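If you want this note's numbering, it's the 1-based position in the sequence shown plus 3.
Beta carbons are placed, not taken as given, at the ideal position from N, Cα and C, and that holds for glycine.
Nothing here was measured: the structure is a model prediction, and the numbers come from that model.
Quick notes on the structure that follows.
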Amino acid sequence: MPRRAIWIALIAGLPLLLAVVAFLLSKDTYQPYGTRLLNVRPAEANQFTLTAHDGSSKSLSDFRGKVVLIFFGFVNCPDVCPTTLLELSKVYKALTPAEQARVQVLLISVDPERDNLEKLRDYVTFFSPSFIGLTGTPEQIAEVAKRYGVFYQKSQIKSPTEYNVDHTATVFALDPKGQLRLIYGSGKAAETERVVQDVRWLLR
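The structure is reproduced here in structure tokens:
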């Protein structure tokens, strides 16, 4: 083949070559620390409206544009809940102010009978003033928990006001589009730097 023909062939194929290179460079190769979820339809499965600790009504859609970290727990929890909220507060503090403005931590109470707004406010804001506690009727909480596959039930019942609540200790991470992307099992949020990296990946 003449040299000129070779150059013409190379030039003609250059756009395709550049397109392939651009695709390979743009492909997200990040491997998140949290468990990655696929084929999830959050618009149908995860929407909810509950009462925030300040008395206002909050829907999940209100936080569109932010990475949302959701945890189901309760004020009188003796161990898992305060530990998890402390871990999430460390993650939040490790972010820059600009990043913090785009991240929201939500605690959904699985003990709505005892967790009134004042208790919920004092509890969540102890870990961070930016955290929001959410509650509702027992029926509302049960419905939201069901959508997220969260189990909870009363245990060690001593009286109508003295009991424990066994519950799923999972943190759910939603991206700014409201899509459920990652979950962290009990204790996994303790790896602060790795969770921070995940949050920054979701923010991109």
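At which residues does the alpha helix (DSSP H) containing K93 begin and terminate? The residue you call residue 93 lines up with position 90 of the sequence shown. Note, K93: alpha helix (DSSP H), 83-96.
I need the DSSP call for E102, collapsed to helix, strand or coil. Your numbering for residue 102 matches position 99 in the sequence shown. Residue state for E102 is assigned as helix, using DSSP reduced to three classes.
Who are the near neighbours of F77 in its chain, counting only those whose CB is closer than 7 Å to its CB and skipping five residues on each side? Within the sequence shown, numbered from 1, the residue matching residue 77 stands at position 74. Excluding positions up to five away in sequence, the list reads C84, S112, V113, D114, D118, V168.
Unbroken stretches of the alpha helix (DSSP H), 4 residues or longer, contained in the region 133-199: DSSP assignment within the region 133-199 yields the following whole alpha helix (DSSP H) runs of 4 residues or more, N-terminal first: 141-150.
Would L72 and V108 qualify as a contact pair, given that the criterion is a beta-carbon distance under 7 Å? Residue 72 sits at position 69 when you count from the first residue of the sequence shown. Residue 108 sits at position 105 when you count from the first residue of the sequence shown. Less than 7 Å separates the beta-carbon of L72 from that of V108.
Going by Cα to Cα distance, which pick from L88, P81, R184 is closest to Y166? Within the sequence shown, residue 166 is the residue found at index 163, counting from 1. Scanning L88, P81, R184 for the CA closest to the CA of Y166 turns up P81.
Using a Cβ-Cβ cutoff of less than 6 Å, which residues in the same chain neighbour E90 once the five nearest sequence positions on both sides are dropped? In the sequence shown, counting from the first residue as 1, residue 90 sits at position 87. Excluding the 5 residues flanking it on each side, E90 has same chain C-beta neighbours closer than 6 Å at A192, A193, in chain order.
Pair every Cβ in the region 124-137 with every Cβ in the region 49-62, then say whether three or more of these pairs are closer than 8 Å. Touching, yes.
Best match in G37, T32, Y33 for proximity to T195 [C-alpha to C-alpha]: Walking along the sequence shown from the start, residue 195 turns up at place 192. The residue with the shortest Cα to Cα distance from T195 is G37.
Residue burial classification, Y126 (beta-carbon count within 10 angstroms, cutoff 16): The sequence position of residue 126 within the sequence shown is 123, counting from 1. By the Cβ-count criterion, Y126 is buried, with 16 or more other Cβ atoms from all chains shown falling within 10 Å of its own Cβ.
Roughly how many angstroms separate the alpha carbons of L205 and D178, rounded to a whole number? Start at 1 with the first residue of the sequence shown, and residue 205 comes out as number 202. Start at 1 with the first residue of the sequence shown, and residue 178 comes out as number 175. Cα atoms of L205 and D178: separation of roughly 5 Å, rounded to the nearest angstrom.
Exposed unless 16 or more other CB atoms sit within 10 angstroms - verdict on A25: Position 22 of the sequence shown holds residue 25. Low per-residue confidence applies at A25: pLDDT is 39, beneath 50, and the placement is therefore not dependable, though the value from the model is reported in the following sentence. A25 is exposed by the Cβ-count criterion.
Nearest by alpha-carbon distance to F213: which of Q103, A97, K96, L110 is it? Residue 213 lies beyond the range of the chain shown here (4 to 207); nothing can be said about it.
Where does S112 fall in DSSP's three states? Within the sequence shown, numbered from 1, the residue matching residue 112 stands at position 109. The three-state secondary structure of S112, taken from DSSP, is strand.
Who are the near neighbours of G190 in its chain, counting only those whose CB is closer than 7 Å to its CB and skipping five residues on each side? Translated into the one-based positions of the sequence shown, residue 190 becomes position 187. Cβ-Cβ distances below 7 Å link G190 to nothing in the same chain once the five nearest sequence neighbours on each side are left out.
Which stretch, first to last residue, makes up the beta strand (DSSP E) that contains L63? Sequence index remark: in the sequence shown, residue 63 carries index 60 (1-based). No residue range can be given for L63, since it is assigned to no beta strand (DSSP E) and is classified by DSSP as neither H nor E.
Contacts around S131, its chain only, beta-carbon distance under 6 Å, and the 5 residues preceding and following it disregarded: In the sequence shown, counting from the first residue as 1, residue 131 sits at position 128. Closer than 6 Å at Cβ, skipping near neighbours: S92, Y95.
For T171 versus V147, is the C-beta distance shorter than 7 Å? Your numbering for residue 171 matches position 168 in the sequence shown. Your numbering for residue 147 matches position 144 in the sequence shown. The Cβ-Cβ distance between T171 and V147 does not fall below 7 Å.
Could you spell out the range, first to last residue, of the alpha helix (DSSP H) harbouring F77? Sequence index remark: in the sequence shown, residue 77 carries index 74 (1-based). From DSSP, F77 is part of no alpha helix (DSSP H); its letter is neither H nor E.
By DSSP, does T128 sit in helix, in strand, or in coil? The count along the sequence shown starts at 1 and reaches residue 128 at position 125. Of the three classes helix, strand and coil, the one that applies to T128 here is helix, per DSSP.
Span separating the alpha-carbon of F51 from that of L183: As a working mapping, residue 51 is identified with position 48 in the sequence shown. As a working mapping, residue 183 is identified with position 180 in the sequence shown. Each residue's Cα considered, the two are about 13 Å apart.
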